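From first to last, the protein sequence lines stand for chains W and X.
Every letter in the first sequence is one number past the one before it in this note's numbering, and letter 150, counting from 1, is 213.
Every letter in the second sequence is one number past the one before it in this note's numbering, and letter 16, counting from 1, is 17.
First the structure, in the form of structure tokens, and then the observations on it.
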Amino acid sequence: MERSFKEEVEQLRLGEGAIFRGEGILAVTKALLQSGVSYVGGYQGAPVSHLMDVLSDARDILDELGIHVETNASEAGAAAMLGASINYPVRGAVTFKSTVGTNVASDALSNLASAGVKGGALIVLGEDYGEGASIIQERSHAFAMKSQLWLLDPRPNLAKIVEMVEQGFELSEASNTPVMLELRIRACHVQGTFATRKNRAARYSKRAFLERPDFDFARISLPPATYAQEKHKIEVRWPAAVRFVRERHLNEVFAGKRSDVGIVCQGGLYNATIRALQQLGLADAFGATQVPIYCLNVTYPLVPEEIVAFCGGKRAVLIVEEGQPAYIEDAVLATLRRHAIEAVKVHGKDVLPMAGEYTGEAVVGGIARFLDCLQALQSITQPRNKARELLGAGLPARPPGFCTGCPERPVFAAMKLVEKDLGKYHVSADIGCHTFATLPPFEIGHTVLGYGLGLASNSAVHAMFGKRTVTIMGDGGFWHNGLTSGVANAVFNKGDGILLIMKNGYSAATGAQELPSSAQHSEHKAADMSIERALGGLGVKWMRTVHSYHVGEMRQTLKKAMTTPEAGLKVIIADGECQLERQRRLRPQVAAAIAQGRREVRVKYGVDEDTCTGDHSCIRLSGCPTLTVKDNPDPLRSDPVATVIEGCVGCGLCGENADAAVLCPSFYRAEIVQNPNAWDRFLARLRGLMHGTPVH
Amino acid sequence: MTVPPRSLTILIAALGGEGGGVLADWLMSAAHACDFPAQATSIPGVAQRTGATTYYLEIFPAARAALGGREPVMALTPSPGNVDVMVASELIEAARAMQGGFVSPERTTLVASTHRIYATAEKMQMGDGRFDSGRVLDAARVLARKAVLFDMRQCAQDAGTVINAVLFGAMAGSGALPLPREACEAAVRERGKGTEASLKGFTAGFELARASAPPEPAAAGVPHGAQAYIDLGVARLRDYQGNAYAELYLQRLKALHADPQLLAEVARHLAVWMSYEDIIRVADLKTRASRFQRVRREVGARAGEPVIVIDYLKPGIEELASLLPPALGRRLIGWAAKRGKLDAYNVGLHVRTSGVLGFLLVRGLAWLKPWRPYSHRYHEEQRRIERWLAAIREATPRSTALAIEIAACARLVKGYGETHRRGLASFAAIFDALVDHPPVADAAAQAAAIRRARDAALADPEGKSLSQDLGKPVVWLSKAP
């Protein structure tokens, strides 16, 4: 795992009234323990990867409380696990990223929402929206509306988040409905404090078993029960939820002296709203505001009575609601109309951006427009305009890319070379680190359709080309969805394409969590689940495993797969461990070996600056962060030369590329012998004598 | 004690692996030790994979005890015009912050390292795609209330630590933090990992930031001007092929009667072209004692640690032909080019140049130097050089600017194998279309067209831009079967 929380998880043991200091995600975990959950699970993905990592590192503490922990194989698996709360009074929570995770989970979520729950069921959604997001931009709100799941969006400070987790379970039980709690990226990672309560062991758990199975046809998703369930949602659960939200005052009103106007905001945007008012001189550092605010810590269901009470008598209100469509704005408009309150002008997306993250700047701009004080924004626009004028155009972007020594980079170098040999070919990309290949310098991959769906997304494309096409899939995607939706589907339909599986051994993009086929397994996971055997079992006949770094061999294998007369799915497994994880494992071992005086050979690559002519073909075929350029030391030349900087892990790609692509003779591999033995020293002396030979 | 009106805001722009998260933790601990309310957020996501990312902190500079139970409301995103301390671990990230409006003359102390880590878009260009650092430094001095700019990566390397420690020191030294130095150092100690090196880096950053004028990055002492280039050229060619060859260089330049700028441009390119990188040259450069010393330095080998050097050579038909007598070489190349076999018979050699046998093999190639003037490649290169010089001589009376543009086309011919063929093809295409048969009579227009075509030739390795610019395809690739 990329990040260890071994030290931080000790805070999960804090008792009554202690002060917790740490990250949002860890605070949520503590809140789950304070709520007496019986089981937890989820699927990794930013920004809630750390929640899964925390759960893994906190196994001892969870075991003490009898909590069942599961690293689910997908979000669908996680959501389905909440089925335990349908029949039994056990609280459970799962987490995944949204909206992609919610998409995958939605089959189970619909069934869960229809059946209803007895024990509190909470879904912690990592809202991957805006700056730093890695997925398509949509709202989780729609899921809440379509399935009638309640959606919490707490003010982003730890005390409020923790309180809403606890209230969420109660709301879930009071209304027999699963509850979603959305946390934006920055809220997941926010560092702060809150006063803890002591952990509660659940009535039923791994340590205190249920007595007997409980059968109730009314909870089965089969007609006629489903008709009754839909009615029950509307007639019983919804009113119960609205009542609970009102009675517990989950939404908050912050009074202000400007009674003619008001702001309705999502809880998660409260801090941004206050900061904007502060910048406009309408609030102080502690949140005392002149403009009244109605803060929705519960964004679904809305409470009509509260909306009417807040908006009634005002000239205008502003809805600060991130993302689109503007569900809340539309609902407020409808509510006011329904209650015949016509005098209030409702603003929202007319003054705020329709799409995109509500950053501080977006919110202050919207509020300034709403309150007609645009001149206050000059301090924002002036420095920026000046900067643009001084810097000019062409500031280079710096998107994320493959790490130094990444085993996936050589595979794409090989694919580039095959392009040169056989012409361009269609490539269906997938989700994972390998999606970075769509960026320069590789620009490989024509479509991305979802996690593990690369091969399935290729099936019609493939049929439209006279030659074979390629699909890229990671081992994470393979186990998530690719095995069934991709491979089984292709074999079943007699697909003739090529599937390239990046087997790096981890769910690398999300922080190197373990996968079924990971080589090293913690004691909680089954060992030895192999991709190769799974493929064989599905009837894949043409299968080759190639070491990721062997560019030449990979190029030949791909060409063979492209040209072989053999029909059927052809699978190439690019086998190379995630270099980040490899280095994390090796570094301490090597350091220890050197400290003990053992002979260790360190490998680093380099470029001879006097033979490099500064064309940078090597960089266009690699993109490695440590292969870069520097000023040409030759005063007669102007173009910068290639150079390998500190951080090179000696993966060998430079040499492989130089060889496979016939690049140039400038690359060298240096093997530095640390703690040399007598023989090493003798050879070095002998060679040293020779290297002094004169040129002529 | 009066309560301050607002939180102090800190935005940190960093790249993955630079310890930005740890820096945020240090700041949080120091603020906590002072009993100041504080909050930190970040957007790690996939940005940690070598991309640019930011950390945002707010510190309310008053002890909690003095606040009477009130909690400051802190923002999770930075607002333009509302940042007190802008920190950038790399120069372009500082520029990005300025472009985003996060550096304002009223409020912002900008603490930024002046070193560059080139983005893929900059380093993958065929020529020089690097963004001008000077523009960033100038903008920083204009836009920031106070700018603390120096090479913090160098400081970190000197202290044997990561750049985050130097950044932390520079922040504290800039006077913009409400946190005393002791609290900052205590925070570093509290974390307990590599403490000594971190504190050393912190101190270095602190002292440099406190100095009224941090040292300006030294301008590189690059010689320029015609005479400097001619001297360098003579020395290089003497080393390359002896005195007579150096004399030929001088003869060629003499025939120019040029103005100093043109002479400088030709002197520079001619020296490089005449010392073209054939197999003999490469073998020579790879087996010099100075090269082995440079490798040791570059890979950071310590005294007493043997270094084994392995070179990746892959000679093929072109390399063989280049060594043959002209008539034979020409026929071999002609045969291979017709059949698309120029790259078909390359032999991949991983030569241990530092070993006895490998050294003798490569050194042996270098010893072919006396044969060079009788080789096919030599004849080819001299012919091309003469054609190029003739064009320059012809253009000079019409317009010096035009002659300079023609001279600069030599920059296109570089590299090995396919890269070299591509360069030659671009060069030939430009010569054919714009030098030998110019579509316009006006010298200034012709010069501009040549410059444009040269930029197009360096825009993409497939020759798409150049083909578009010239209106006809530039072909050098063997077609895919």
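Beta carbons are placed, not taken as given, at the ideal position from N, Cα and C, and that holds for glycine.
Being a predicted model, the structure only gives us computed values, none of them experimental.
Counting C-beta neighbours from all protein chains within 10 Å, is the total for Ile93(X) 16 or more, i.e. buried, or is it exposed?
Mapped onto the second sequence, residue 93(X) falls at position 92. Buried, by the Cβ-count rule.
Per DSSP, what kind of secondary structure is Ala15(X) in: helix, strand or coil?
Within the second sequence, the letter at position 14 stands for residue 15(X). Looking at Ala15(X) - three-state DSSP - the assignment turns out to be strand.
Is Gly545(W) buried or exposed, if buried means 16 or more other CB atoms sit within 10 Å of its CB?
Position 482 of the first sequence holds residue 545(W). Gly545(W) comes out buried.
Segments assigned beta strand (DSSP E), at least 3 residues, entirely inside the segment 202-228 of chain W:
213-215
Other residues of its chain near Ala184(X): CB distance less than 7 Å, five sequence neighbours each side excluded
Here residue 184(X) is taken as the residue at index 183 of the second sequence, counted from 1. Hits under 7 Å: Ala31, Ala34 and Cys35.
State yes or no: is the beta carbon of Thr54(X) nearer than 9 Å to at least one beta carbon in chain W?
In the second sequence, counting from the first residue as 1, residue 54(X) sits at position 53. Chain W, which has a Cβ nearer than 9 Å to the Cβ of Thr54(X), makes this yes.
Helix, strand or coil, according to DSSP, for Ala221(X) in the structure here?
Here residue 221(X) is taken as the residue at index 220 of the second sequence, counted from 1. Residue placement at Ala221(X) is poorly supported in this model, since its pLDDT is 49, which falls under 50; the coordinates are not used for a value here.
Rounded to the nearest angstrom, what separates Glu382(X) and Gly359(X) at their Cα positions?
Stepping through the second sequence from its first residue, residue 382(X) is reached at position 381. Stepping through the second sequence from its first residue, residue 359(X) is reached at position 358. So the two alpha carbons sit approximately 29 Å from each other.
Using beta-carbon positions only, say whether Asp538(W) and Gly568(W) come within less than 9 Å of one another.
To locate residue 538(W), count along the first sequence from 1; it is residue 475. To locate residue 568(W), count along the first sequence from 1; it is residue 505. Yes; because the gap between Cβ atoms is below 9 Å, this pair is in contact.
Bridge-paired residues (DSSP) for Gly105(W):
Indexing the first sequence from 1 puts residue 105(W) at position 42. According to DSSP, Gly105(W) bridges with Thr134(W) and Thr158(W).
Alpha-carbon to alpha-carbon, Arg142(X) and Ala210(X)
Locating residue 210(X) in the second sequence gives position 209, counting from the first residue. Locating residue 142(X) in the second sequence gives position 141, counting from the first residue. Those two C-alpha atoms are separated by around 15 Å.
Quick check for students: name the residue ranges of the beta strand (DSSP E) that lie wholly in the segment 4-84 of chain X, counting only runs of 3 or more.
9-16, 39-43 and 53-60
Can you pull the DSSP bridge partners for Leu381(W)?
Position 318 of the first sequence holds residue 381(W). Note: Leu381(W) sits in a beta bridge opposite Ile326(W) and His410(W).
Quick one: is Asn220(W) near chain X, going by C-beta distance under 9 Å?
Translated into the one-based positions of the first sequence, residue 220(W) becomes position 157. It does; some Cβ of chain X falls within 9 Å.
Have a look at Glu616(W) and Cys469(W) and give me their C-alpha separation to the nearest angstrom.
Here residue 616(W) refers to the residue found at position 553 when the first sequence is read from its first residue. Here residue 469(W) refers to the residue found at position 406 when the first sequence is read from its first residue. In a straight line, the C-alpha of Glu616(W) is about 17 Å away from that of Cys469(W).
Best match in Arg321(W), Val253(W), Val316(W) and Val180(W) for proximity to Gln292(W) [C-alpha to C-alpha]:
By one-based count along the first sequence, residue 292(W) stands at place 229. Comparing Cα positions, the closest option is Val180(W).
Just tell me which of Leu271(X), Ala122(X) and Leu361(X) has its CA closest to the CA of Cys410(X).
What you label residue 410(X) is simply residue 409 of the second sequence in a count that begins at 1. Residue nearest to Cys410(X) within the set Leu271(X), Ala122(X) and Leu361(X) is Leu271(X) (criterion: CA-CA distance).
Could you give the distance in angstroms between the alpha-carbon of Thr397(X) and the alpha-carbon of Pro504(W)?
Indexing the second sequence from 1 puts residue 397(X) at position 396. Indexing the first sequence from 1 puts residue 504(W) at position 441. Whole-angstrom Cα-Cα distance: 40 Å.
Does any CB atom of chain X fall closer than 9 Å to the CB of Met115(W)?
Within the first sequence, numbered from 1, the residue matching residue 115(W) stands at position 52. Answer no: the Cβ-Cβ gap between Met115(W) and chain X never drops below 9 Å.
Quick one: measure Cβ to Cβ for Leu215(W) and Asn360(W), integer angstroms, because I've assumed they're closer than 8 Å.
On the first sequence, position 152 is the one that residue 215(W) refers to. On the first sequence, position 297 is the one that residue 360(W) refers to. That pair is a contact at about 6 Å.
Proximity to Arg422(X) [Cα-Cα], best of Ala113(X), Val352(X) and Leu343(X)
As a working mapping, residue 422(X) is identified with position 421 in the second sequence. Closest option to Arg422(X), Cα to Cα, is Leu343(X).
Going by the beta-carbon positions, is the gap between Ile199(W) and Val163(W) smaller than 9 Å?
In the first sequence, counting from the first residue as 1, residue 199(W) sits at position 136. In the first sequence, counting from the first residue as 1, residue 163(W) sits at position 100. Cβ atoms of Ile199(W) and Val163(W): closer than 9 Å.
With a cut-off of 8 Å on the beta carbons, I'd call Ile164(X) and Ser114(X) a contact; round off their distance for me.
Position 163 of the second sequence, counted from the first residue, corresponds to residue 164(X). Position 113 of the second sequence, counted from the first residue, corresponds to residue 114(X). Taking the Cβ atoms as the reference, Ile164(X) lies roughly 7 Å from Ser114(X), within the contact range of under 8 Å.
Given that Ala104(X) touches chain W, what residues does it touch there, using C-beta distances under 8 Å?
On the second sequence, residue 104(X) is found 103 positions in, with the first residue counted as 1. The residue you asked about is not Ala; residue 104(X) is Val in the sequence shown. Within 8 Å Cβ-Cβ: Pro446 and Ala450.
Just tell me which of Arg295(X), Arg388(X) and Val348(X) has its CA closest to the CA of Trp274(X).
As a first step, residue 274(X) must be located in the second sequence, where it is residue number 273. Per the Cα distances, Arg388(X).
Note down, in chain order, each residue of its chain lying with its Cβ closer than 7 Å to the Cβ of Gly428(W), except the 5 sequence neighbours on either side.
For this step, residue 428(W) is matched to residue 365 along the first sequence. Excluding positions up to five away in sequence, the list reads Leu440.
Burial state of Ile149(W) (16 or more Cβ within 10 Å)
Locating residue 149(W) in the first sequence gives position 86, counting from the first residue. Buried is the call here.
Span of the beta strand (DSSP E) holding Gln74(W)?
For the purposes of this step, residue 74(W) is taken as the residue at position 11 of the first sequence. Unbroken run through Gln74(W): none, as it is neither H nor E.
Residues of the segment 718-744 of chain W whose Cβ lies closer than 8 Å to any Cβ of chain X, in chain order
Gly718, Ala721, Asp722, Val725, Leu726, Cys727, Pro728, Phe730, Tyr731, Arg732, Ala733, Glu734, Ile735, Val736, Gln737, Pro739, Asp743 and Arg744
Which residues does DSSP list as the beta-bridge partners of Ile535(W)?
Numbered from 1 along the first sequence, position 472 holds the residue referred to as residue 535(W). Looking at the DSSP assignment, Ile535(W) forms a beta bridge with Leu563(W).
Which of the three DSSP states, helix, strand or coil, is assigned to Tyr421(W)?
What you label residue 421(W) is simply residue 358 of the first sequence in a count that begins at 1. The three-state secondary structure of Tyr421(W), taken from DSSP, is coil.
Could you work out which residues of chain W lie near Lys124(X), taking near to mean beta carbons separated by less than 7 Å?
Counting from 1 along the second sequence, the entry for residue 124(X) is found at position 123. Ordered by position in chain W, the residues that pass the 7 Å Cβ test against Lys124(X) are His679, Ile682, Thr691 and Val692.
Kindly give me the distance between the Cβ atoms of Leu145(W) and Ala196(W), rounded to whole angstroms, as I take these residues to be in contact under 8 Å.
The count along the first sequence starts at 1 and reaches residue 145(W) at position 82. The count along the first sequence starts at 1 and reaches residue 196(W) at position 133. Not really, about 25 Å apart at Cβ, beyond 8 Å.
Please confirm whether Leu329(X) has its beta-carbon closer than 9 Å to some beta-carbon of chain W.
Along the second sequence, read from residue 1 onward, the residue named residue 329(X) stands at position 328. Not closer than 9 Å to any Cβ of chain W, the Cβ of Leu329(X) fails to qualify, so no.
Report yes or no: is there a C-beta of chain X within less than 9 Å of the C-beta of Phe349(W)?
Taking the first residue of the first sequence as 1, we reach residue 349(W) at position 286. Closer than 9 Å to some Cβ of chain X, the Cβ of Phe349(W) qualifies, so yes.
Quick one: residues in its chain with C-beta nearer than 6 Å to the C-beta of Gly20(X), no 5 flanking neighbours on either side, listed in chain order?
Position 19 of the second sequence holds residue 20(X). Only Val163 and Asn165 meet the Cβ criterion.
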